[in-house]
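Trainee: Please see the structure below; I have some questions.
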Amino acid sequence: MLALDTLPVTLACAPCCWGVDDVRNPHLPPWERVLDEAAAAGFGGLELGPYGYLPLDVGRLGAALATRGLRIVAGTIFDDLVRQENRESLLRQTDAICAFVTALAPPRGLPGQRHPAPYLTVMDWGHDERDYAAGHPDRAPRLDADAWDGMVANIRAIAARARDRYGVRAVIHPHAGGYIEFADELDRIAGDLAPDLAGLCLDTGHLDYAGMDPVAAIRAYADRLDYIHFKDIDAGVHADVMARRIRFFDACAEGVMCPIGRGRIDYPAIHRLLREIGYGGYITIEQERDPRCVGGSFTDLTASRDFLREQGF
Numbered sequence: 348m349l350a351l352d353t354l355p356v357t358l359a360c361a362p363c364c365w366g367v368d369d370v371r372n373p374h375l376p377p378w379e380r381v382l383d384e385a386a387a388a389g390f391g392g393l394e395l396g397p398y399g400y401l402p403l404d405v406g407r408l409g410a411a412l413a414t415r416g417l418r419i420v421a422g423t424i425f426d427d428l429v430r431q432e433n434r435e436s437l438l439r440q441t442d443a444i445c446a447f448v449t450a451l452a453p454p455r456g457l458p459g460q461r462h463p464a465p466y467l468t469v470m471d472w473g474h475d476e477r478d479y480a481a482g483h484p485d486r487a488p489r490l491d492a493d494a495w496d497g498m499v500a501n502i503r504a505i506a507a508r509a510r511d512r513y514g515v516r517a518v519i520h521p522h523a524g525g526y527i528e529f530a531d532e533l534d535r536i537a538g539d540l541a542p543d544l545a546g547l548c549l550d551t552g553h554l555d556y557a558g559m560d561p562v563a564a565i566r567a568y569a570d571r572l573d574y575i576h577f578k579d580i581d582a583g584v585h586a587d588v589m590a591r592r593i594r595f596f597d598a599c600a601e602g603v604m605c606p607i608g609r610g611r612i613d614y615p616a617i618h619r620l621l622r623e624i625g626y627g628g629y630i631t632i633e634q635e636r637d638p639r640c641v642g643g644s645f646t647d648l649t650a651s652r653d654f655l656r657e658q659g660f
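This is the structure:
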């Protein structure tokens with residue numbers, strides 16, 4: 348039975364905690380290490396990460412997950428959502444990811460969970476003009492009306508394909524350095540997507556990095572919140588990188604994301620809010636880093652997991 352102050356959630360983690368964001372990076376750790384350390388740190392699930400990093404053999408990966416008590420809770424599209432010429436590539440990714448994650452053993456359902464996992468997390472990425480303006484709502488260029496409408500059409504196509512062919516819930520993730528990052532863009536995308544088509548995956552670290560209060564943002568979009576990512580922000584590193592022209596992932600390599608509980612995000616307040624709104628389901632910890640610093644991944648993830656356990660997550 349859950350303790351009175353314990354939320355009905357399962358904590359997961361993601362391969363980006365080991366620096367796995369691009370399968371072409373020559374410094375990535377072996378996938379077995381990621382699964383071993385995720386399990387040893389006490390997590391109940393794992394995101395798929397970039398398609399092709401984990402083995403794409405259902406039997407092989409399913410057995411490796413089962414022996415470690417893990418399930419895949421989400422797949423990810425992390426790509427240019429703006430260009431109309433990218434539509435077919437985005438739909439091919441949708442088909443490949445959704446077919447694969449639904450062939451694996453599903454994560455268990457939890458009280459209060461609106462939609463079953465695994466999810467398809469959808470993030471815009473791939474624009475230098477926004478990457479260098481990450482975290483700066485005053486200097487970041489915005490899409491004009493036609494380009495925005497084109498991006499929304501791409502997202503609708505992804506979400507409909509995931510829902511109608513595979514029964515997978517698409518969740519839109521505002522991401523630093525993409526064209527869905529800041530408060531005005533979050534509000535706009537939430538208004539442009541019907542609730543029966545797609546939900547939101549709000550990430551505490553990206554909300555903070557974009558200048559929003561994570562508690563206020565989660566409260567404002569509670570009725571669209573299907574999935575959550577947790578990060579924490581090192582205030583000193585953040586102040587330093589905000590004073591420079593730097594790409595988002597380069598800021599991560601410098602340690603702007605720190606173990607949860609050591610940064611400035613108010614996790615006791617987030618716990619109270621999630622209990623108030625009745626959130627149940629999956630929460631995935633992400634602490635992006637350079638894969639050449641993978642030696643600290645297990646220690647940092649264990650610290651984050653222990654802190655969250657003490658807070659009732």
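All the letters of the sequence shown, read from the start, carry residue numbers 348 to 660 under my numbering. Beta carbons are placed, not taken as given, at the ideal position from N, Cα and C, and that holds for glycine.
1) Tell me whether the beta-carbon of Pro465 lies closer than 8 angstroms to the beta-carbon of Ala421.
2) Can you tell me whether His585 is helix, strand or coil according to DSSP?
3) Is the beta carbon of Cys548 sitting closer than 8 angstroms to the one on Ala509?
4) Take every Cβ of the stretch 615 to 635, pair it with every Cβ of the stretch 356 to 371, and state whether three or more of those distances are shorter than 8 angstroms.
5) CB Val367 to CB Tyr398, shorter than 8 angstroms?
6) Which value, in whole angstroms, describes the spacing of the CA atoms of Gly642 and Gly602?
7) Would you call Arg338 buried or exposed, if buried means 16 or more other Cβ atoms sit within 10 Å of its Cβ?
8) Using only the alpha-carbon positions, how far apart do Leu428 and Arg461 sit?
9) Which residues does DSSP list as the beta-bridge partners of Thr631?
10) Could you tell me if Gly456 is buried or exposed, where buried requires 16 or more neighbouring beta carbons within 10 angstroms of its beta carbon?
11) Just to confirm, are Leu472 and His522 a CB contact at a threshold of 8 angstroms?
12) Between the stretch 572 to 591 and the stretch 606 to 620, are three or more C-beta pairs nearer than 8 angstroms?
13) Write down the C-beta distance between Leu540 and Arg503 rounded to the nearest angstrom, noting that I regard them as a contact closer than 8 angstroms.
14) Can you tell me which of the three DSSP states Gly409 falls into?
15) Locate the beta strand (DSSP E) running through Glu394, then write down its first and last residues.
16) Rounded to whole angstroms, what is the Cα-Cα separation between Asp352 and Thr646?
17) Put Arg622 into one of helix, strand or coil per three-state DSSP.
18) Would you mind working out which of Glu432, Arg434 and Pro453 sits nearest Gly628, comparing C-alpha positions?
19) Tell me which same chain residues have a C-beta within less than 7 angstroms of the C-beta of Val370, skipping the five on either side of it?
20) Counting along the chain, where does the alpha helix (DSSP H) carrying Gly473 start and finish?
21) With three or more C-beta pairs closer than 8 angstroms as the rule, is the stretch 376 to 388 touching the stretch 399 to 414?
22) Do you know how far the Cα of Arg609 is from the Cα of Trp365?
23) Buried or exposed for His553, going by 16 or more other Cβ atoms inside 10 Å?
24) Using only alpha-carbon positions, find the residue among Ala582, Leu648, Arg439 and Ala545 that is nearest to Asp613.
25) Who are the Cβ neighbours of Thr449 in its own chain at under 6 angstroms, not counting the five residues just before and after it?
26) Put Asp555 into one of helix, strand or coil per three-state DSSP.
27) Take Pro463 as the anchor and find which of Arg622, Leu655 and Ile419 has the nearest alpha-carbon.
28) Among Met559, Thr357, Pro355 and Leu375, which residue has its Cα nearest to the Cα of Cys640?
29) What are the partner residues of Val562, as DSSP defines its beta bridges?
30) Expressed to the nearest angstrom, what Euclidean distance is found between the alpha-carbon atoms of Trp495 and Ala387?
Mentor: Reading it off the structure:
1) The residue labelled residue 465 in the question sits at position 118 within the sequence shown. The residue labelled residue 421 in the question sits at position 74 within the sequence shown. In contact: Pro465 and Ala421 (Cβ atoms closer than 8 angstroms).
2) Taking the first residue of the sequence shown as position 1, residue 585 is located at position 238. Assigned with DSSP and collapsed to three states, His585 falls in helix.
3) Within the sequence shown, numbered from 1, the residue matching residue 548 stands at position 201. Within the sequence shown, numbered from 1, the residue matching residue 509 stands at position 162. Not a contact, by the Cβ cut-off of 8 angstroms.
4) Here the stretch 615 to 635 makes contact with the stretch 356 to 371; the two share three or more CB pairs at distances below 8 angstroms.
5) Walking along the sequence shown from the start, residue 367 turns up at place 20. Walking along the sequence shown from the start, residue 398 turns up at place 51. No, the Cβ-Cβ distance between Val367 and Tyr398 is not below 8 angstroms.
6) Taking the sequence shown and counting its residues from 1, one reaches residue 642 at position 295. Taking the sequence shown and counting its residues from 1, one reaches residue 602 at position 255. Here the alpha carbons of Gly602 and Gly642 stand approximately 14 angstroms from one another.
7) Not covered by the structure: residue 338. The range shown for the chain is 348 to 660.
8) Position 81 of the sequence shown, counted from the start, is the residue given in the question as residue 428. Position 114 of the sequence shown, counted from the start, is the residue given in the question as residue 461. Going by C-alpha positions, Leu428 is about 26 angstroms away from Arg461.
9) Start at 1 with the first residue of the sequence shown, and residue 631 comes out as number 284. In the DSSP assignment, Thr631 is bridged to Ala359 and His576.
10) What you label residue 456 is simply residue 109 of the sequence shown in a count that begins at 1. It is exposed - the Cβ of Gly456 has fewer than 16 other Cβ atoms within 10 Å.
11) Here the question's residue 472 lines up with position 125 in the sequence shown. Here the question's residue 522 lines up with position 175 in the sequence shown. It should be noted that the sequence gives Trp, not Leu, for residue 472. Going by C-beta atoms, Trp472 is nearer than 8 angstroms to His522.
12) Yes: at least three Cβ pairs fall under 8 angstroms.
13) For the purposes of this step, residue 540 is taken as residue 193 along the sequence shown, with counting starting at 1. For the purposes of this step, residue 503 is taken as residue 156 along the sequence shown, with counting starting at 1. About 7 angstroms separates the two Cβ atoms, so the contact holds.
14) On the sequence shown, position 62 is the one that residue 409 refers to. Helix.
15) Start at 1 with the first residue of the sequence shown, and residue 394 comes out as number 47. Counting along the chain, the beta strand (DSSP E) containing Glu394 begins and ends at Gly392 to Glu394.
16) In the sequence shown, counting from the first residue as 1, residue 352 sits at position 5. In the sequence shown, counting from the first residue as 1, residue 646 sits at position 299. Computed Cα separation, rounded: 26 angstroms.
17) Translated into positions along the sequence shown, residue 622 becomes position 275. Arg622: helix per DSSP, three-state reduction.
18) The sequence position of residue 628 within the sequence shown is 281, counting from 1. Checking every option, the nearest Cα to that of Gly628 belongs to Pro453.
19) As a first step, residue 370 is located in the sequence shown; it is residue number 23 there, counting from the start. If we look at Val370 and ignore the five residues flanking it on each side, its Cβ neighbours are Pro397, Gly399 and Tyr400.
20) The count along the sequence shown starts at 1 and reaches residue 473 at position 126. Here Gly473 belongs to no alpha helix (DSSP H), and DSSP marks it neither H nor E.
21) Flag = yes, the stretch 399 to 414 and the stretch 376 to 388 touch.
22) Here residue 365 refers to the residue found at position 18 when the sequence shown is read from its first residue. Here residue 609 refers to the residue found at position 262 when the sequence shown is read from its first residue. Near 19 angstroms, if we compare the C-alpha coordinates of Arg609 and Trp365.
23) Reading the sequence shown from its first residue, position 206 is the one you call residue 553. Buried.
24) Residue mapping note: residue 613 aligns to position 266 of the sequence shown, counting from 1. Sorting Ala582, Leu648, Arg439 and Ala545 by C-alpha distance to the C-alpha of Asp613 places Ala582 at the top.
25) Counting from one through the sequence shown, the residue named residue 449 turns up at place 102. Within the same chain, Thr449 has close Cβ partners Tyr513.
26) The count along the sequence shown starts at 1 and reaches residue 555 at position 208. Assignment of Asp555 by DSSP, reduced to helix, strand and coil, places it in the helix class.
27) By 1-based counting over the sequence shown, the position of residue 463 is 116. It is Ile419.
28) If you number the sequence shown from 1, residue 640 lands on position 293. Among Met559, Thr357, Pro355 and Leu375, the Cα nearest to that of Cys640 belongs to Leu375.
29) Numbered from 1 along the sequence shown, position 215 holds the residue referred to as residue 562. Note: Val562 sits in no beta bridge, so no partner.
30) By 1-based counting over the sequence shown, the position of residue 495 is 148. By 1-based counting over the sequence shown, the position of residue 387 is 40. C-alpha separation (whole angstroms): 43 angstroms.
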